[in-house]
Amino acid sequence: MDYTDNQLLLKDLFSLEQAEIHLPGKGARVVNCSFRSPVQPDGDPGALHVADEDEGSLLVCQSDANSNFTYPVFMPPGRDQVSGAIMLLHGLNERSWSKYLYWAQYLCEETGKAVILFPIAFHINRSPEYWSDPRLMSEISFRRKERNDNQATPFNAALSTRLEMHPEWFCSSGVQSCYDIISLATDIRDGAHPLFAAGTRVDFFAYSVGAFLLEVMLLANLDGLFSKSKSFLFLGGSTFEQMRGVSRYIMDQKAFDRLDEAFLRQDPSLIRNKIQLPKLSTFNQLWHSFLSILRLDRMVGEREESFRQLSDRIAAIGLVRDRVIPGVSILATLRGKLRPSEIPIQVLDFSYPYIHENPFPINQPKIRQAVDKAFHEVFSQAVLFLGA
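Here it is as structure tokens:
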């Protein structure tokens, strides 16, 4: 079977409701695990400014889905416990794992390591179900279009509304995600997770904004947790200012402009003061790392020295026609100028029409073979790098 066949098959088989799913082929299986977040973001919802009833409802997460959730682990054939882990970090505004299922299975089966699909805060099954309600989101996107935003769509309505009204939530959800990942990686290392042997190192495959989140953690490297971790970045790795997230699948123009204003055109400390989180002793280290990858022209020496020291533990692939995070931006950030790193970075250009949000389109017979070839070109390199 090719890429399209495998994706469609996995989409039909996959569920977060089943404890375990046996996959066809080489004998891999999916084990769904539970997680409780150690961090509670967003402060008191009742104290927030609400523009109108419908849009304001998006700002309140009344369920505990963001704090208590399930994450899937793809386990290699015939193994009850493993000593190798790859955490796959997804992109911004994802609502399901569908796009990533064969990515995870392929990495798992070809490296022999477990692959963890871990959701970023307020994404996938960590967000309220009504954020994906077509009728409600259509109404809200229509209102946003009336404000002359042609990029407003039902798919990006929830994220756009939240970030336009409270851009600091881009950071607070990122901080929560960092501490969640650190908590899970610590449990895995310490032998406190039943699927992993004590001493297991967590490596990463990070896509899109997941790569940005990962960079913050790698540069901070709290307690040396990721000192030996290897990271493969796909369509991500640039500074914040070089990203353009305006897309019918990510966020609309007004939300993007608000983020740009908050983080690039005003003092970032104004945002920092709005982040309502419990006192975290290591937050300053994460914030400092975040500042270092906001702009390409700031903290240049420090950032480039950090990436130079990570040269043998990071690899990246970007795409020429990626409009959200262009390949040249990834190259400029990771390679640097003052003291260039030796991070292996490739900027590819697939032979078919693609976009950042959908680099491997399915159900298009005319380009099916080309998509399969492109997928294997990228993921065979990820396997070589992460499988070592």
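Heads up: the sequence shown is residues 826 to 1213, going by this note's numbering.
Glycine is no exception: its CB is placed at the ideal position from the N, C-alpha and C atoms.
Taking just the CA atoms, how far does residue j sit from residue i?
| i | j | result |
| --- | --- | --- |
| Lys1191 | Pro849 | 27 Å |
| Val940 | Glu971 | 43 Å |
| Ala844 | Cys858 | 8 Å |
| Ala876 | Leu961 | Any answer about Ala876 is weak, because its pLDDT of 38 lies below 50 and its placement is not dependable; what the coordinates show is given next. Using only the alpha carbons, I get a separation of about 16 Å. |
| Ser1131 | Lys1053 | 14 Å |
| Tyr925 | His948 | 14 Å |
| Ser1090 | Ser1176 | Per the sequence shown, residue 1090 should be read as Arg rather than Ser. Computed Cα separation, rounded: 38 Å. |
| Arg861 | Ser892 | 6 Å |
| Ser985 | Gln1067 | 19 Å |
| Leu1121 | Ile846 | 44 Å |
| Leu1058 | Trp956 | 28 Å |
| Ala929 | Lys836 | 12 Å |
| Lys1198 | Phe1210 | 19 Å |
Over what stretch of residues does the beta strand (DSSP E) that includes residue i continue unbroken?
| i | result |
| --- | --- |
| Phe1185 | Premise fails: Phe1185 is in no beta strand (DSSP E) and is neither H nor E. |
| Tyr896 | Asn893 to Met900 |
| Gln1171 | Ile1170 to Leu1173 |
| Phe1021 | Phe1021 to Tyr1032 |
| Phe1057 | Ser1056 to Phe1059 |
Buried or exposed: where does residue i fall if 16 or more other Cβ atoms within 10 Å of its Cβ makes it buried?
| i | result |
| --- | --- |
| Arg1026 | buried |
| Glu1040 | buried |
| Asn831 | buried |
| Phe1204 | buried |
| Met1076 | buried |
| Val983 | In the sequence as presented, Val is not what sits at residue 983; that position holds Ala. That one is buried. |
| Asn1098 | exposed |
| Ser1002 | buried |
| Asp1005 | buried |
| Val1145 | exposed |
Taking 8 Å as the cut-off, decide whether the C-beta atoms of residue i and residue j are in contact.
| i | j | result |
| --- | --- | --- |
| Ile1007 | Leu1038 | no |
| Pro944 | Arg951 | yes |
| Ile1118 | Ile1139 | no |
| Gly1035 | Leu914 | yes |
| Asn1183 | Arg1073 | no |
| Ser1033 | Leu917 | yes |
| Gly903 | Gly937 | no |
| Glu934 | Lys851 | yes |
| Val1125 | Leu1163 | yes |
Hey, could you find the ends of the alpha helix (DSSP H) residue i is sitting in?
| i | result |
| --- | --- |
| Arg1069 | Neither: Arg1069 is in no alpha helix (DSSP H) and is coded neither H nor E. |
| Asn831 | Tyr828 to Leu838 |
Quick check: is the beta carbon of residue i nearer than 8 Å to any beta carbon in chain D?
| i | result |
| --- | --- |
| Ser1154 | Structure shown: chain D not included; a single protein chain is present. |
#### Entry: Those runs of the alpha helix (DSSP H) which lie wholly inside the segment 1094-1168 and span at least 4 residues
1108-1117, 1125-1134 and 1152-1160
### Message
For a minimum of 4 consecutive residues, which ranges assigned as the alpha helix (DSSP H) are wholly contained in the segment 955-980?
### Response
959-971
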